[in-house]
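Read the structure below first, then the notes.
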Amino acid sequence: MFPEIKMSYYDYWYPPKKPPKQVSGGIKTQSKRGRFATNWWSKLWVENFEARTDSGRLTRARSYARSGQTQDLEIAPGLVKASVQGTAGKPYQITVTMTLYSTEQIEAIYQELGSQPMIVAQLLNNNLPEEFDELLKNLNLFLIPKYNKDMHVSCNCLDWGDPCKHSAAILYLIAEEIDKNPFLLLKMLGIDKDSLLERLKLTGIKAKPAVQTAEVLEPLSADPQDFWGKACERRIDPLDPPQFPAAIIRRLGAIPFWRSDSDFIELMQKTYSNAGSKLIYLLMQDK
Amino acid sequence: MLVLHISLYQGAPFLWSEGKRIGHLPDLKKAIKALGLGDSFVRPKTQKVIAWLPAKAGKHYPSTSLIGDPPSGKAQPKLQPFACTALELNFSSLVDIVQLSKEGNIPDSGVLFSHSFHWFAGLVALAFNLVSEQSYLPGIIQEEETYYAFWLPVLSDTSKHDFRALYRSVPHSVSCMSNSSAVVPTAPNPSLIGGQLDNLVDSAIRMAAEPGHVFKAVSVHDAWLNALYAKDRRIIWPKQSELTSFATELAAWSHKIYLMSASDYKMSFRLCEPTTTDKWKLQILLHPKADPSLLIPAAKFFKPSQALQKDLKPFGLPSPEWIMNALGQATGIFPALRKSWTVRKQSDLELDTDLAFSFLHTYAGALNLAGFNVLLPTWWIKRNTQAKLGIKLSTRKSTSQSSGLLNMESILAFDFSACLGDEELSLSELKAMAKLKNPLVKVRGQWINIDIAQLNAAINFLDKQQKKELSAKDMIQLALGAESGIKGFEIQKVEYQDWMQKLLRVLSGKEKPARLPQPKLFKGILREYQQLGFSWLAYLRKWGFGACLADDMGLGKTIQALALIQTDKDKGQKLPVLLVCPTTVVNNWRKESERFTPNLKVLIHHGSDRLKKTAFTKAAAKADIVISSFGLIHRDLGFLGQVKWAGIIIDEAQNIKNPDTLQSKAARSIKAEYRIALTGTPVENHATELWAIMDFLNPGYLGNLNSFRENYHRPIHIRNDKAAAEKLQRITAPFILRRLKTDKSIIADLPDKIEMKEYCPLTKEQISLYQAVADDLQDKISSSEGIERKGLILSAILRLKQVCNHPAQFAGDNSPLPGRSGKLQRLLEITTEVMANKERILIFTQFAQMGAILQQALQEYFGTEVLFLHGSLSKGKRDKLVERFQGEGDAPSIFVLSLKAGGTGLNLTNANHVIHYDRWWNPAVKNQATDRAFRIGQVKNVQVHKFIVSGTLEEKIDELIERKQLLNEKLVGAGENWLSKLNDNDFRELIRLSDNVSGD
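Those protein sequences? They're chains A and B, same order as listed. Here the first sequence is numbered in numbering that gives the first Met the number 0, starting from 0 and rising by one per residue. Here the second sequence is numbered in numbering that gives the first Met the number 0, starting from 0 and rising by one per residue.
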C-alpha cells in the first residue's frame, strides 16, 4: 500500500488554521503588540509589502514574527536568507533579493554625504533624515526597493500569497530592526557603514593620529622605595548612583535580532540596579 | 608588629604578611584575628608562592622601619626570592579591605597596612564606583578559540582620572609574586592593572546579580546570558560560527558607548544674544576635556589648519567619528540643529526669539543632561536668584512659652503666609496669578518666572493650613536653615517672638548668653572664656537643652562643669549630679573637685568595694557629685537609674560614640534634669558618633538611628555628600561649644604654659606588687641604720616607682604590655586625643628602660613610628631624631625622651604637649624638660601633664612638696636623697598605699 501523501488542491487553497509547530530559540520581535515601524522609512518599508496581500495573512505573519518562528536570518547586501517554522515538519526557506545600488551610484551618494555632514551625524544617531531621501531623489534613486520590481520574495511553502505569511514575517522582523537602525536598510542596498565612514574620512576630515605605543615590560624595581611605593595622591571618593537605572543600556537599546525568551533590557535594568544597591548595602554594613 | 601587603598573582589578589618572617601563615592568621575580620577570611585559601623582595644577602629591606632596620653593608639591594604563604582574597573579603583602608591603621591591633594594601583598596573602590554609577556593559572577550562573557567597565572622566592616579602610584610590590625562584617578575603595567579592574568589576556584578539565574540555552544569546551570571565565564554553545558572528554584532552594538567614553573632547553649545540683527546664534564648539577654556568652533575640525593642529598637539585631534556621533546625538535632542550645517556653509545656527526661548527653557537642560556643555547668557543663569515664591512662618502671639523649660517635643503654634521676596502675598493674589497661566508674572512692577505647578501647590497648601503647629525640634532645625522648606516650599522668612528670637540668636552663635557670675564658694578664678563656657552651659540648660562642651584639651572643661554644679548648689540645688568618666580620670575629678569646689560632697562610685543598691542610693542622695565610670553605669544601671539626678555629665564623651555599645545605651537611658557632655576630641568627624552624643544630650533631636543613618550617615560617608554634611553641622553646631587653644580670643586669655596633674589609677596587678614591696620594706627598715638604711629606702623608692610605671619595668622581663598599667592607659588616652587634633607630644621618663617600653607600647598601639632619645645614642643620632621631629608634614608626632639624656640645647618647639610620665623629685630638672618644648620660637601654648599615681608615694611626695615649698629649695635640690632623712614613721606613711585605692 502507498502511504497517503496526496492532498487535494483545496487543502492549500486557504492557509491552514492550525497553529505552527512551536520552536524555541527563534528570533522574536521586540514589539509584543501594535506596530513594528514608528519611523517614516520603516513605515514605507512595511507599506511596500502590506499592500500586496490580505489582512488575514498579515495578522498571522505578525504573530509568526512575534512568537519566534524565525529560526535563521542572514542579511547580506541585496540578499536576505531566512528559515521560518510553519505547520510542516521542516522550516520553510525564504529568500529576498533586492536590486543593489551600482558602484557609481554609491560613489555619488558618498560625494553628496561628504558635503552634508549633518545627514551622516543623524544616521549615526540612528535617524534617517528626510534630507537623505531628497538626496537620493536628486540622484534618481529609491530608498525602499519597489515590491516585485526592485525586490523579490520567494518561499518554498505552498501558499500562493505574495508575500506569504512566512516571508511577510521576515519582512516585519526586518522592519522592526531598520526602524532602530537605518544602516541595516542601507546595507541591503549596498551601502556599508564602515566603508561610508572610511570614505568620508578621505573627503577631508582628518583622524586623530593614533598613539599606539607597544607596552614595554619593565623590570621590577630593586630600589626599596620604588618597591614598597608611596601613598596614592588621589582619594577615590564614592560616587552617586545614577538618576536612571541602566541608562547606558537604554541608550544602546536592544541587541539586534534577539533570540531568547528573556527580555534583555528588562534583565539588564534589574541587574544594574540590583548590583548597585547590593554593593552599597555591603559597604554600609557596620562591622 | 605585622605589615599586611596585597600582591597580584595569576590575576588574583593575594594577602600576605611581613613581620619577623615573610609570608608566615600563623602571622597572617594572627593579623586577621586582631583586625576582627569576618567570615570571608575564616577558612583561608592559601597558596605557597615566591615573593621577590629587595634584599641583601638573604635579608630583605623591611617596608617600614617599625618592622626593623634595613640590612647593613654597602652592597646595592637586589631582588631575591623568598618563600611566602599568601591568602587569596575572595570577592566578599574585598568589602572589608576597602573599609579597613578607609579607617587606617587600627590602634592596638599590632597590624599595619602597606602602600600596596591601600593601593589595592583604591582599585577596588574604583571598581565599586563603576558598579554603583552603572558604568559598564555586558560583552564578550575572545581568547584564542574560547569566548568568555564579561561585564566590562566603561570609564567616565572621573574614573579615568582615578585610574591614572592609581597607575602612577602603583608600588612594585604589587607584582612581586611568581611561581619560580629563577625568573624575576616584571613591574606592574597598565594592562595588568586594567585587567585586574575588569576582573573586579565583573566579579562585583556576578556577586550582586541574582544567584542561580539559569536560562534555558536555546540560542547563542541565552548561552551568553548564562555565562554572564554564572561562576564560569566561558560561553558554552555548540555552533562556533554563531558565537563568532554574535561577538562581532555585540561589539558593533556597544561601539558607540566606548567611542564616547574614549573621547578626550567634549562638545559645547553657546547661545549668543542678538547683536546687529534680531537673530540669536547658537555656536557648536569643541574643547579638550583637559582644558575646558579652549573652545574651538566644531566646523574648524572638518579641515583642521596647520595652526590648529599645532595648538592642539598636547591633546591630539578629536576623532571625526566621535564628532559625528556627538552631533547626531545633539540633533536627536534639539532637532533644529539638522538645519545648521553643510560643509559649504559652516556658520552658527541662527534662531528666532521663540526658538531661543525654547532652547533656554527646554533644550539647554536636556543637552546638559546628555553630557553636553551649554553656555547661556548670564541674565538667564541668574534668574534663579530672583525673588521666588516661598512661605513665611510667624509665631503666634498666643504662644505661652515665654520662659521655662522647653524640650525638643514642645509644640509651638505658627501662622503661615505666602511671600515673594520681602513682599507678603495674600491668598487671593496668588489665585489671581494662577488664572494667568503664564510663567512670566509681573508682581508689583517686577517680572518673575513662576513655576505654575508650585503656585498651585502653594494655593492648595495655604487653603488647608493657615495655622500650623511645629515641634520645638522642627522649629529649631528650620531656624538653623536645615530644612529648606515644607513640602517643597522654600521657607523665606521666619518671624519669632522676642524670647524665641533671642534663643535662636544664641543657638546660632550670633549672640552670647548672659554671663553668670563666678559662684561664691568656687575656689580659684575662672578665666574669661571659662566663665563664658559655663554660662553657655547654663543658658542652654535653662531651655532644657543638653550641651556638649568640646574645648581643646587643657582649656579646663572640668572647671567649667564644676562651676556649673557649684552655681546650682549655691542656689539651693539638693539633688546630686552623676558624673561619668573613664576609670583613668576618676581620681582627677576627685582632686579637681577637692581643689576648686571643696564644699561639694563627692561620692566615688568605683572599685570592687563600691556601695550597691539601697546603700548606694542613700549615700548618693546625700552627695553633691557622684563620680562613676563608663564600665559601671551599665553594670549598676539597676540602682544608678533609680536616683533622682539633678544632672548627668559625661566626660570624655567619645566613650559613648558607638551607639550600639552597652555603655552608650546605658548613658542615654539614665534620666536626669539636664545633660552635659565633655570631650576634647573633635566629635563632628564621624556622623554616627555625633548621633550618639546628640541623642544623649537631646533625645530625638536627630531622629532615630535608622533614619539618621539613611539621612546623614549614608550620604556623608558613602556618597561624600557635602550638602548633607553641612546640614548636619548646621543643626548640631548650636549644641556644641568647641574652642581651640589657637583661637585668638582664647590665646590672649591663656598662660603660655598650662600645668596639670594627671591622677592615674593602679591596676590590680600593680596594687599587689606595690603592696609586696611596701610590706617587705616595713619589716626591714626598723632593723637597719646608716648607709644600709639609706640604700634600702632609695632602692624601695626606685622599685615602687617602677611598679607605678609598669609591672614590666619592675620585672624587667619583656612581658606583654597592654592592660597592666593605669599610667600607660592614661598615656594612650591623652596621646589619642593629641593625635586626633594633629598635635605633637613629648614624653619624658627618668628611666631609659621605661622609655624603651613606652616606645614599644606606643608603636604597637598606634602603628606609627615613635622616636626615642636616650643616653646610649651618639650625638649625631640624637640630632637626627630632633631634626626629624621638628620636620613638617608627616614627621613623627610622638617623641619619648629620657630625662637625663634629653640634655640641654634641644629645640623641640614642634610639640605642644609634654608628659612627665614619672617624676624625679627635683623640680629643677623637671622644669628644664618642660622648657625644652617651650623654647623661644614656640608659637603654641604648651600643656604639661604630670603623671601621679593616686594613693601611692607619688601622690604623697607631691603633696609634701606642695605643702612645704621651702623644702624644695633646701632639700629637694639635692636629688631624692632628702627622702632618706625622713623618720621611720613618716617614711612608712609615705609609701603606704592609701585605703581608698582600688584596682579596676
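Positions of the beta carbon are idealized from the N, C-alpha and C atoms, including for glycine. Note that the structure is predicted; figures quoted are calculated from it, not measured.
(request) Could you tell me if the beta carbon of B/L525 falls within a distance shorter than 7 Å of some heavy atom in the ligand SAH? (result) This structure does not include the ligand SAH; it has no bound ligands of any sort.
(message) I want to see whether chain A comes within less than 8 Å of B/M474, judged by CB atoms only; does it?
(response) If you number the second sequence from 1, residue 474 of chain B lands on position 475. Not one chain A Cβ lies under 8 Å of B/M474.
(request) Taking all protein chains shown into account, decide if B/S814 is buried (16 or more other Cβ within 10 angstroms of its Cβ) or exposed. (result) Along the second sequence, read from residue 1 onward, the residue named residue 814 of chain B stands at position 815. Only exposed fits B/S814, as fewer than 16 other CB atoms lie within 10 angstroms of its CB.
(request) Rounded to whole angstroms, what's the CA-CA distance from B/F162 to B/Y916? Just pull it up for me. (result) Here residue 162 of chain B refers to the residue found at position 163 when the second sequence is read from its first residue. Here residue 916 of chain B refers to the residue found at position 917 when the second sequence is read from its first residue. About 48 Å.
(message) Just to confirm my understanding: we take B/V996, look at its own chain, exclude 5 residues before and 5 after, and list those with CB closer than 7 Å. What are they?
(response) Position 997 of the second sequence, counted from the first residue, corresponds to residue 996 of chain B. Scanning its chain for C-beta atoms nearer than 7 Å, with the 5 sequence neighbours on each side dropped, one finds around B/V996 the residues L761, I766, S949, G950, in chain order.
(request) Residues of the region 117 to 138 of chain B with a CB closer than 8 Å to any CB of chain A: list them in chain order, please. (result) H117, W118, G121, A124, L125, F127, N128, V130, S131, E132, Q133, S134, Y135, L136, P137
(message) Please state the DSSP three-state secondary structure of A/W159.
(response) On the first sequence, residue 159 of chain A is found 160 positions in, with the first residue counted as 1. A/W159 falls in the coil class under three-state DSSP.
(message) Let's see if you can read the secondary structure: which residues bound the alpha helix (DSSP H) around B/V585?
(response) Numbered from 1 along the second sequence, position 586 holds the residue referred to as residue 585 of chain B. Note, B/V585: alpha helix (DSSP H), 585 to 595.
(message) Please state the DSSP three-state secondary structure of A/L123.
(response) Your numbering for residue 123 of chain A matches position 124 in the first sequence. Helix, per DSSP.
(request) State the DSSP-derived secondary structure class of A/D10, mapped to helix, strand or coil. (result) Translated into positions along the first sequence, residue 10 of chain A becomes position 11. Summary for A/D10: the model assigns pLDDT 46, below 50, so the residue's position carries little reliability; its value from the coordinates is reported in the next sentence. Correct three-state label for A/D10: helix.
(request) Using the DSSP secondary-structure output, state which residues sit across from B/I647 in a beta bridge. (result) Position 648 of the second sequence, counted from the first residue, corresponds to residue 647 of chain B. In DSSP, B/I647 forms a bridge with B/L577, B/R674.
(message) Going by C-alpha to C-alpha distance, which of B/E87, B/H59, B/I66, B/A186 sits closest to B/K28?
(response) In the second sequence, counting from the first residue as 1, residue 28 of chain B sits at position 29. Answer by Cα proximity: B/E87.
(message) Are the CB atoms of B/Q46 and B/L1060 within a distance shorter than 8 Å?
(response) Because chain B is modelled from 0 through 999, residue 1060 of chain B falls outside the range shown and cannot be assessed.
(request) Write down the C-beta distance between B/I66 and B/V110 rounded to the nearest angstrom, noting that I regard them as a contact closer than 8 Å. (result) Within the second sequence, numbered from 1, the residue matching residue 66 of chain B stands at position 67. Within the second sequence, numbered from 1, the residue matching residue 110 of chain B stands at position 111. About 12 Å separates the two Cβ atoms, so there is no contact after all.
(request) Sort B/K643, B/L610, B/D650 by Cα distance to B/S628 and report the nearest one. (result) Here the question's residue 628 of chain B lines up with position 629 in the second sequence. Among B/K643, B/L610, B/D650, the Cα nearest to that of B/S628 is on B/D650.
(message) Using a 10 Å radius around the Cβ and a threshold of 16 neighbouring Cβ atoms, would you call A/K205 buried or exposed?
(response) Along the first sequence, one-based indexing puts residue 205 of chain A at 206. Low confidence applies to A/K205: its pLDDT is 37, below 50, so where it sits in the model is not reliable enough to give any reading.
(message) Cutting at 7 Å between CB atoms, please list the residues of its own chain near B/K519, excluding the five before and the five after it.
(response) Position 520 of the second sequence holds residue 519 of chain B. Within the same chain, B/K519 has close Cβ partners D569.
(request) Would you give the residue range spanned by the beta strand (DSSP E) that B/S897 belongs to? (result) For the purposes of this step, residue 897 of chain B is identified with residue 898 of the second sequence, where counting begins at 1. Here the beta strand (DSSP E) through B/S897 covers 893 to 897.
(message) Closest to B/A1011 by C-alpha separation, out of B/M266, B/T687, B/P313, B/S292, would be which residue?
(response) Residue numbering for chain B in the displayed model covers 0 to 999; residue 1011 of chain B lies beyond these limits and cannot be assessed.
(request) Taking a Cβ distance cut-off of 9 Å, strictly less, list which residues of the region 104 to 121 of chain A are near chain B, in chain order. (result) G113, S114, Q115, P116, M117, I118, V119, A120, Q121
(message) Out of B/K73, B/E672, B/S871, B/I632, which one is the CA nearest neighbour of B/G646?
(response) In the second sequence, the residue the question calls residue 646 of chain B occupies position 647. With distances taken between Cα atoms, B/G646 lies closest to B/E672.
(request) Note the first and the last residue of the continuous alpha helix (DSSP H) segment covering B/V123. (result) Sequence index remark: in the second sequence, residue 123 of chain B carries index 124 (1-based). 114 to 131 is the span of the alpha helix (DSSP H), which, as asked, contains B/V123.
(request) Pick helix, strand or coil for B/H685, following the three-state DSSP scheme. (result) Reading the second sequence from its first residue, position 686 is the one you call residue 685 of chain B. Coil.
(request) Starting from the C-beta of B/D351, find all residues in its chain whose C-beta is less than 6 Å away, skip the five residues before and the five after it, and write them out in chain order. (result) Here residue 351 of chain B is taken as the residue at index 352 of the second sequence, counted from 1. Excluding sequence neighbours, B/D351 sits near nothing in its chain.
(message) Tell me whether the region 146 to 156 of chain B and the region 221 to 229 of chain B touch, counting them as touching only if at least three CB pairs, one residue from each stretch, are closer than 8 Å.
(response) yes
(request) State the CB to CB distance for the pair B/N906 and B/Q885, rounded to an integer number of angstroms; the pair is presumed to be in contact (CB under 8 Å). (result) Sequence index remark: in the second sequence, residue 906 of chain B carries index 907 (1-based). Sequence index remark: in the second sequence, residue 885 of chain B carries index 886 (1-based). Contact between B/N906 and B/Q885 is confirmed by a C-beta separation of about 7 Å, below the 8 Å threshold.
(request) Count the other CB atoms, across all protein chains shown, that sit within 10 Å of the CB of B/A417; report buried if there are 16 or more and exposed otherwise. (result) Your numbering for residue 417 of chain B matches position 418 in the second sequence. Residue environment analysis places B/A417 among the buried positions, since at least 16 neighbouring C-beta atoms fall within 10 angstroms of its C-beta.
(message) Please confirm whether A/I204 has its beta-carbon closer than 8 Å to some beta-carbon of chain B.
(response) Here the question's residue 204 of chain A lines up with position 205 in the first sequence. In this prediction, A/I204 scores a pLDDT of 37, lower than 50, which makes its location untrustworthy; no coordinate-derived value is stated.
(message) Looking at chain A, is there any beta carbon in it that lies within less than 8 Å of the beta carbon of B/W252?
(response) Along the second sequence, one-based indexing puts residue 252 of chain B at 253. Taking Cβ atoms only, chain A reaches closer than 8 Å to B/W252, which makes this a yes.
(message) Just checking: is the beta-carbon of A/D53 within a distance shorter than 8 Å of some beta-carbon in chain B?
(response) Mapped onto the first sequence, residue 53 of chain A falls at position 54. Interface criterion not met: the Cβ of A/D53 is under 8 Å from no Cβ in chain B.
(request) Return helix, strand or coil for B/R233, following the three-state DSSP convention. (result) Here residue 233 of chain B refers to the residue found at position 234 of the second sequence. Strand at B/R233.
(message) Please list, in chain order, the residues of the region 148 to 175 of chain B that have any C-beta partner in chain A closer than 9 Å.
(response) Taking 9 Å as the cut-off between beta carbons, the residues of the region 148 to 175 of chain B near chain A are W150, V153, S155, T157, S158, H160, D161, R163, A164, L165, R167, S168, V169, P170, H171, S172, V173, S174, C175, in sequence order.
(message) Does chain B have any CB closer than 8 Å to the CB of A/R359?
(response) Nothing about residue 359 of chain A can be reported from this structure: the residues present for chain A run from 0 to 286 only.
(request) Can you say whether B/H59 is buried or exposed, counting buried as having 16 or more other CB atoms within 10 angstroms of its CB? (result) One-based indexing of the second sequence puts residue 59 of chain B at position 60. Result: buried.
(request) Mind listing the chain A neighbours of B/A186? Cutoff is C-beta to C-beta under 8 Å, in chain order. (result) The residue labelled residue 186 of chain B in the question sits at position 187 within the second sequence. Within chain A, L216, E217, P218, L219, S220 have C-beta atoms less than 8 Å from the C-beta of B/A186, given in sequence order.
(request) Can you tell me which of the three DSSP states B/Y758 falls into? (result) As a first step, residue 758 of chain B is located in the second sequence; it is residue number 759 there, counting from the start. Correct three-state label for B/Y758: strand.
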